[in-house]
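Have a look at the structure below, then the notes.
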Amino acid sequence: MQFQPVITLVDAHVANVAANTSYDVQLANEEYIFGGLQNFDSLIFLINVTAAGTGTGTINIRILDSWDGGTTWDTLVSSLQLTLGTTTGTQRFVVQGQIAAATITTATSTALTQGSAVTTTLAAGSARQGPFGDRIKVVETIASTGGTPVGATYSIHMIPKRSENN
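Going by this note's numbering, 81 is the number at position 87 of the sequence shown; the sequence numbering is gapless.
Okay, structure coming up:
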């Protein structure tokens, strides 16, 4: 049995609060992220919101991948909406890199259609199944902030999995 590392992508990040904006989030361990993700069969992502922030507004966290060195990005994971002042807890997402489309049965797992275009949009609380690229990034999108908002604090961890046959 081989060791499956837990990689911290984002560590105790305080989300931005400017309404109707999107931000690329600085990754904590970029040396683990670039190159070689396609060598794994699945990726497990844990988004852990430890403080809800204050004020009003929402945050959506997306994890995207790229096959072309970061020129084009495709959404792997779209978090459930985080509501400032109330949302804490952990969200878990599993992205299967090699899976038959017929085995995907839940509405929160989207199989790739052959010939489909890449997209930066994906329904909240869902993950795209299918092969993933050689690098990832994290983007947060902020909406409808009000009051004196302070961003939610969250961490994102990734567990890359490889089958015993690889």
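Note that the Cβ used here is the ideal one computed from N, Cα and C, for glycine as well.
Best match in the options for proximity to residue i [C-alpha to C-alpha]
{"i": "Val71", "options": "Ala9, Lys131, Ser138 and Gly140", "result": "Lys131"}
{"i": "Tyr148", "options": "Trp67, Leu37, Leu76 and Thr65", "result": "Leu76"}
{"i": "Ile55", "options": "Phe39, Met152, Glu134 and Leu21", "result": "Glu134"}
{"i": "Ile38", "options": "Thr81, Leu116, Gly63 and Ile1", "result": "Ile1"}
{"i": "Ser16", "options": "Asp5, Arg122, Thr115 and Arg129", "result": "Thr115"}
{"i": "His7", "options": "Leu21, Leu31 and Gly127", "result": "Leu21"}
{"i": "Leu74", "options": "Thr81, Ala13, Val89 and Ala118", "result": "Ala118"}
{"i": "Gly69", "options": "Asp62, Leu58 and Gly63", "result": "The sequence shown places Thr at residue 69, not Gly. Ranking the options by Cα distance to Thr69, first place goes to Leu58."}
{"i": "Val88", "options": "Ser60, Thr66 and His151", "result": "His151"}
{"i": "Ala121", "options": "Gly64, Asp5, Ser36 and Gly63", "result": "Ser36"}
{"i": "Leu3", "options": "Asp62, Val19 and Gly64", "result": "Val19"}
Residues near residue i in its chain [Cβ-Cβ closer than 7 angstroms; skip 5 each side]
{"i": "Phe34", "result": "Gly91, Pro154, Lys155 and Arg156"}
{"i": "Gly83", "result": "Val43"}
{"i": "Thr81", "result": "Val43, Ala46 and Ala146"}
{"i": "Asp5", "result": "Ala22 and Ser149"}
Own chain residues within Cβ distance below 8 angstroms of residue i, not counting five before or after
{"i": "Val11", "result": "Gly47, Gly49, Gly51, Leu78, Ile136, Thr139, Pro143, Val144 and Gly145"}
Close beta carbons around residue i, own chain, < 6 angstroms, minus the five adjacent residues each side
{"i": "Ala9", "result": "Ile53, Glu134, Gly145 and Ala146"}
{"i": "Arg86", "result": "Leu40"}
{"i": "Leu31", "result": "Phe126 and Asp128"}
{"i": "Gly141", "result": "Gly49 and Thr50"}
Enclosing beta strand (DSSP E) for residue i [first to last residue]
{"i": "Leu116", "result": "Unbroken run through Leu116: none, as it is neither H nor E."}
{"i": "Gly124", "result": "Element bounds for Gly124: n/a, residue is neither H nor E."}
{"i": "Pro154", "result": "Thr147 to Lys155"}
{"i": "Val161", "result": "Within the shown structure, residues of the chain are numbered from -5 to 160, placing residue 161 beyond reach of any answer."}
{"i": "Val19", "result": "Thr15 to Val19"}
Continuous beta strand (DSSP E) assignments of at least 3 residues falling wholly in the region 31 to 84 = Fully enclosed beta strand (DSSP E) runs of 3 or longer: 36 to 45, 48 to 60 and 68 to 72.
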